[in-house]
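Taking it in order: structure first as structure tokens, then the write-up.
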Ligand code: B12
Ligand code: SF4
Ligand code: SF4
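Residue numbers (the working numbering): 458 to 690.
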């Protein structure tokens, strides 16, 4: 386990000022397929960095207000890279990002690191934070020699959720147990009903989930994420 002076302790202390936190460690054995550094060497551990609820929003929003271009076309990605690249340098790791191609398997890592499972929406549900969490980056470590707690098998909230309101709340039935109809969702969002509904209040399917409601993103953050989606013209 890593104490306050260990890597995770130092990392969380550095991230706290930005409303971010570490979200588990994935360790790779010699036989396991691990991400590689630019010099071709495999890493021995990945530490996920994420957002829980609205914790990062005031910091990000204040940063954005200082930018002449309001942070450009992908302000959250730009801010995340400034913050996480700085922390990576301080800690001695290499950063990677969820939206950079080729996509790294952030969700597969999160399943391993925290024992999380997918909700019917496709995104992972956390027993405490519900659907109100995401990943802003990860740190790759060539040499990791600290012990890490093995994630305990966490109860999967969807198993106990009999009514599954997420499956009946989307106005265009874009969420089904087997697939997410991205086109149907985006067409709805581009139309007048979607513009007055989900685009203002957030995805109705996500909002309907009873788990972790106290971590629901604040209204400005919800709208920011909705506006970041690419919609048909
Ligand atoms: C491409 C992408 C999308 C695409 C396609 C998703 C898909 N079919 O895989 C679209 C545009 C549809 C999308 C939508 C959303 N996404 Co998205 N997406 C990604 C991205 C950038 C790459 C996914 C990928 O190909 N990974 C590569 C493979 C190899 O990784 P993997 O972990 O092994 O793959 C797993 C996932 O693909 C997952 N999966 C399988 N089917 C589906 C279907 C859906 C809809 C999703 C989201 C995941 C998913 O299972 C795989 C096995 O582990 C990831 C970031 C990342 N790097 O993973 C975010 C990511 C998965 N998305 C995320 C989010 C939050 C969303 C949205 C809520 C955004 C929004 N505001 O609408 C929606 C959710 C849609 C819904 N149903 O509610 C988060 C999920 C966080 C979490 N709690 O799990 C991620 C991790 C980004 C982040 N910064 O945290 N997304
Ligand atoms: S509403 Fe129920 S089934 Fe849907 S994501 Fe939430 S806990 Fe899971
Ligand atoms: S954003 Fe709206 S249309 Fe899209 S999946 Fe969520 S509830 Fe359905």
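C-beta: ideal position from N, C-alpha, C; glycine also. Keep in mind it's a predicted model, so treat the numbers as computed, not measured.
- A distance of 7 Å or more separates the beta carbons of residue 553 and residue 502.
- Distance between residue 654 and residue 670, taken at the CA atoms: about 19 Å.
- Residue 482 has its CB no nearer than 6 Å to any heavy atom of ligand 1.
- Annotated three-state conformation of residue 576 is coil, per DSSP.
- Apart from sequence neighbours up to five positions away, the residues of its chain that approach residue 518 with a beta-carbon distance below 8 Å are 677, ordered along the chain.
- For residue 653, the enclosing alpha helix (DSSP H) starts and ends at 649-653.
- A Cβ-Cβ contact shorter than 7 Å links residue 675 with residue 511.
- Residue 508 is positioned such that its CB atom lies closer than 7 Å to that of residue 593.
- Distances from the alpha-carbon of residue 467 to those of 633, 652, 681, 544 put 544 closest.
- For ligand 1, the residues with a Cβ under 5 Å from any of its heavy atoms are, in chain order, 555, 560, 562, 563, 564, 565, 578, 579, 580, 581, 591, 592, 637, 639, 682.
- The residues 631, in chain order, have a CB closer than 6 Å to that of residue 642 in the same chain once the five nearest residues on each side in sequence are set aside.
- Following the DSSP letters along the chain, one finds residue 635 in no beta strand (DSSP E), marked with neither H nor E.
- Residue 499 is bridged by DSSP to 493.
- Set against 6 Å, the gap from the CB of residue 538 to the closest heavy atom of ligand 2 is not smaller.
- Listed in chain order, the beta strand (DSSP E) runs fully inside the segment 538-604 are 551-553, 590-598, counting runs of at least 3 residues.
- DSSP places residue 516 in the helix class (H, G or I) of the three-state scheme.
- In the structure shown, the three-state DSSP call for residue 527 is coil.
- Taking 6 Å as the cut-off, one finds no heavy atom of ligand 3 near enough to the beta carbon of residue 491.
- In this structure the segment 492-499 does not lie against the segment 524-536, because fewer than three pairs of beta carbons, one per stretch, are closer than 8 Å.
- Between residue 581 and residue 564, the C-beta spacing is below 7 Å.
- By the CB criterion at 7 Å, residue 624 and residue 688 fall outside the cutoff.
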